[in-house]
Amino acid sequence: MPIEPSIRTTLNEPENVWDYPRPPRLEPIDLPIRIVLGGDVIASTTAGWRTLETSHPPTYYLPPGAFSCAIEAAEGGSFCEWKGRAAYWTLRHGNHIARNAAWSYPDPTLDFLAIKDHLAVYASRVDACFVGDEQVLPQPGDFYGGWITANLIGPFKGAPGTTGW
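If you read the sequence shown in the numbering used here, its first letter stands for residue 117, the second for the next number, and so on.
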């Protein structure tokens, strides 16, 4: 049964990532989202968004005002056929530097205007990321930035041998 769009206030119900749509869907999430770097919370919001795409754990986007650390432009970029061209960012908190740890869409497609300039963060490049009280696991691989919560059912794209899915 496909996941119906709504504002998520809990992640208690199982979600099979193979029921997520393609093209991806954007939905608001009302749960607290936190990111930790250098032992401190560097981002916190209850006004986040998540994208749901077939075979991927959700990617979470936070408004730029949610971040209390320095956000510095990083080299490189990528292109998403659904969202547009991504810019990459380095997060700096005191002596702690997470290079290319975040990305955003400065000029997203019409379907993703709600996340214009919002930042998504690779969970593998910071100390920890949380949705509600749950610490997430990073999506396998080094390209996709989904966050795995306990309610998700895979397998998930990103591990070696899954790029052709």
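Beta carbons are placed, not taken as given, at the ideal position from N, Cα and C, and that holds for glycine.
In this text the structure is predicted, and so the values were computed from the model without any measurement.
Helix or strand or just coil, what does DSSP make of residue i?
i	result
arginine 217	In the sequence as presented, arginine is not what sits at residue 217; that position holds alanine. DSSP places alanine 217 in strand when its eight states are reduced to three.
proline 118	For proline 118, the pLDDT reaches just 49, beneath the cut-off of 50, and the residue's location in the model is therefore unreliable, although a value from the coordinates is still provided. Note: proline 118 maps to coil in three-state DSSP.
tryptophan 134	helix
serine 240	helix
alanine 182	helix
asparagine 128	coil
Under the assumption that residue i contacts residue j (Cβ atoms under 8 Å), give the Cβ distance between them as a whole number of angstroms.
i	j	result
tyrosine 136	histidine 172	7 Å
glycine 200	tyrosine 221	5 Å
valine 237	alanine 266	With a Cβ gap of about 19 Å, valine 237 and alanine 266 do not count as contacting.
proline 130	isoleucine 269	6 Å
arginine 138	threonine 170	4 Å
If you compare alpha carbons, which of the options is closest to residue i?
i	options	result
proline 140	Ala266, Arg166, Thr279 and Ala239	Arg166
proline 276	Gln255, Ile269 and Thr265	Gln255
arginine 215	Gln251, Asp233, Trp263 and Ser240	Ser240
glutamate 143	Tyr176, Ala189, Arg150 and Ile264	Tyr176
phenylalanine 183	Glu169, Ala190 and Gly164	Gly164
serine 160	Ile264, Pro271, Val133 and Asp249	Asp249
leucine 153	Thr206, Trp134, Leu168 and Leu268	Thr206
isoleucine 158	Leu147, Thr170, Cys185 and Thr279	Cys185
glutamine 251	Trp263, Asp258 and Phe259	Trp263
alanine 189	Leu235, Thr162, Thr278 and Trp134	Leu235
Name, in chain order, the residues that DSSP records as bridge partners for residue i.
i	result
lysine 232	Tyr221
serine 160	Arg150
glutamate 188	Thr206
glycine 193	Ala203
proline 144	Trp165
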